[in-house]
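Remarks on the structure that follows.
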Amino acid sequence: MMSTQSQGQSTSSSIQKHQFNQKSHELLSCTAKSPSFSYVHLEVVRSSQGHATVTETDHLQIRSYCTSALQQSLGATGVAIPIDILKVHDNQCWLRIPRQDLAAFSASMTAWSGTRNGGEQSMLRIRQCSDWLGSMVGAEGQDKLWG
């Protein structure tokens, strides 16, 4: 009898020790299989008489270029695509758009011939597209790695 009680006590004490040794507990686990948004990294390319130039752009120019490209390609449906401008730096910008509109958006940007103001032509070039912003961050200069 004595041995049965000691076994029960040792089992409960080992459970208590195991609980104290565990430092973290998983409260919630979530897997995002299909994100709501996609991200696009665009570059504004300006050329005057065949020479490419890098000049700063602002949010209004980016919005205007995107609206023009979407209007030309998709009409009113394209203009209705919501675009969030996350960051504009020099001639590059990062946008957030609904995931289901990524194909239509990228096709419109690719097909757009740009604008011409005087002797200068401005066009948009897609550098990257992804459903995950983290996969695009830090990828600067990868195109020069093997060139």
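With this note's numbering, letter number 109 in the sequence shown gets 119, and the count goes up by one each step, no holes. Each residue gets a CB set at the ideal place from its N, CA and C atoms; glycine is no exception.
Out of G129, W142, W104 and S34, which has the shortest C-alpha to C-alpha gap to R135? W104
DSSP three-state label for K33, please. coil
Got a sec, what are the start and stop residues for the alpha helix (DSSP H) S78 sits in? H69 to L84
Grouping DSSP H, G and I as helix and E and B as strand, with all else coil, what is K43? coil
Is the separation between the beta-carbon of A113 and that of A79 shorter than 9 Å? no
Taking V112 as part of the beta strand (DSSP E), name the residues at either end of that continuous run. For the record, residue 112 in the displayed sequence is Leu; it is not Val. Not the beta strand (DSSP E): L112 falls in the alpha helix (DSSP H), residues L112 to A121.
Which stretch, first to last residue, makes up the alpha helix (DSSP H) that contains L143? L143 to M146
contact_flag[the region 39-59, the region 125-134] where n(CB pairs < 8 Å) is 3 or more: yes
DSSP three-state assignment for T87, whether helix, strand or coil: helix
Apart from the five residues on each side of it in sequence, which residues of its chain come closer than 8 Å, Cβ to Cβ, to V89? T77, L80 and Q81
Below 9 Å between beta carbons: does that hold for Q138 and V50? yes
Please list, in chain order, all residues of the same chain as N101 whose beta carbon is under 8 Å from its beta carbon, the five residues on each side excluded. E53, V54, V55, R56, V64, T65, E66 and T67
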